[in-house]
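Numbering (the numbering used here), first residue to last: 7 to 354.
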């Protein structure tokens, strides 16, 4: 927001700027010439919210022009009911309102067992955005999946990434999320937006992607609500189809020497890692081991299965993770591959 010209920000939380990371953020914003207010405030309490905003106004803050609501909290039924109050009051004030929650694609859109209270608050935000657009006001409920580099997933639980992938959530990079915010907050946008843009769901995997990677489809994909997703063609599916059209058996068998075979294996691995880790080819450093590229044990198992099917090479997961570099791993796989000629000098 600061890099886009924002000069006045109000950051509401129950604790205020007490953590070192929060204080560092404030210093960075002040260096950019941004005035920041961080009053302690329980946004589920209308009186507390009004007091905090009045306090900011008295300190010289200009009127609120937009609000991004990104609170995440496990709450009880009474406090959940009370939490709708500030949302209703917000509906009558800011000109632009963006609701951004942590995992609504799971909890609000596809369901999440054991978090019905969290679903309730997110569903209210979706409905509030729709209500505002119907009344000619700007609003977007941005139902966000998981962001890899910042936020709850990045800061708290690495195992959560694997769990979310398993249940059909596609990871998003911070840059992608900020690009979406750029579009939503663009002042050149029309004064009125179509109702279809009042709620945007991000991060749901497409069925074709699950089929292409051999992963089992999660239960929510079989719900009639999502049947139209089966008609969507994805880049991942197309890439997987392209990969299946590459006959590695012929390529490796036709290699004139071990170095050429190793190079074929390396290029195949790069292609696989780009898809498995959702990274670009430029992120793949041939001098780094797999774990430095972000490969964990689950991805390593997927790689091992892929090597058996595509390269006819049996390499244990432990060996995959222990090899010092991707280039060295390509050589090891070429050594193990049943497709590579055994009389090319290095093969035995």
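Ideal placement from N, C-alpha and C gives every residue a C-beta, glycine not left out.
On the criterion of 16 or more Cβ atoms from any shown chain inside 10 Å, does residue 209 qualify as buried, or is it exposed? buried
With a cut-off of 8 Å on the beta carbons, I'd call residue 310 and residue 321 a contact; round off their distance for me. 6 Å
Residue 339 - DSSP class collapsed to helix/strand/coil: helix
Extent of the continuous alpha helix (DSSP H) to which residue 14 belongs: No alpha helix (DSSP H) contains residue 14, which is instead part of the beta strand (DSSP E) from 14 to 16.
According to DSSP, is residue 238 part of a helix, a strand, or is it coil? coil
Any contact of the region 128 to 138 with the region 153 to 173, i.e. 3+ C-beta pairs under 8 Å? no
When burial is assigned at 16 or more other CB atoms within 10 Å of the CB, is residue 45 buried or exposed? buried
Inter-residue CB distance, residue 290 and residue 307 (contact presumed, cutoff 8 Å): Actually they are not in contact, since the Cβ atoms of residue 290 and residue 307 sit about 20 Å apart, beyond 8 Å.
Is the separation between the beta-carbon of residue 258 and that of residue 317 shorter than 9 Å? yes
Tell me the DSSP secondary structure of residue 67 in three-state form. coil
Min CB distance residue 50 to chain E below 9 Å: Included in the structure is just one protein chain, with no chain E present.
8 Å CB neighbourhood of residue 181 in its chain, flanking five on each side removed: none
Please state whether DSSP places residue 156 in a helix, a strand or coil. coil
Can you tell me whether DSSP reads residue 191 as helix, strand or coil? coil
Tell me the DSSP secondary structure of residue 142 in three-state form. coil
For the pair the region 21 to 31 and the region 55 to 64, tell me if three or more CB-CB distances fall below 8 Å. no
Out of curiosity, what's the CA-to-CA distance linking residue 326 and residue 193? 50 Å
Return the bridge partner residues of residue 42 from the DSSP annotation. 15
Identify the residues that DSSP records as bridge partners of residue 210: which are they? 175
Under 8 Å by Cβ, that's how I've got residue 360 and residue 272 pegged, so tell me the actual separation to the nearest angstrom. Residue 360 falls outside the range modelled here, since the chain spans only 7 to 354, and no answer is possible.
Per-residue DSSP class, three states only, for residue 320: coil
When you compare each of 18, 297 and 287 to residue 5 by their alpha carbons, which one comes out closest? With the chain covering 7 to 354 only, the question about residue 5 has no answer from this structure.
If you reduce the DSSP assignment to three classes, tell me which class residue 149 lands in. strand
Let me check understanding here. Comparing Cα to Cα, which of 175, 340 and 38 lies closest to residue 116? 175
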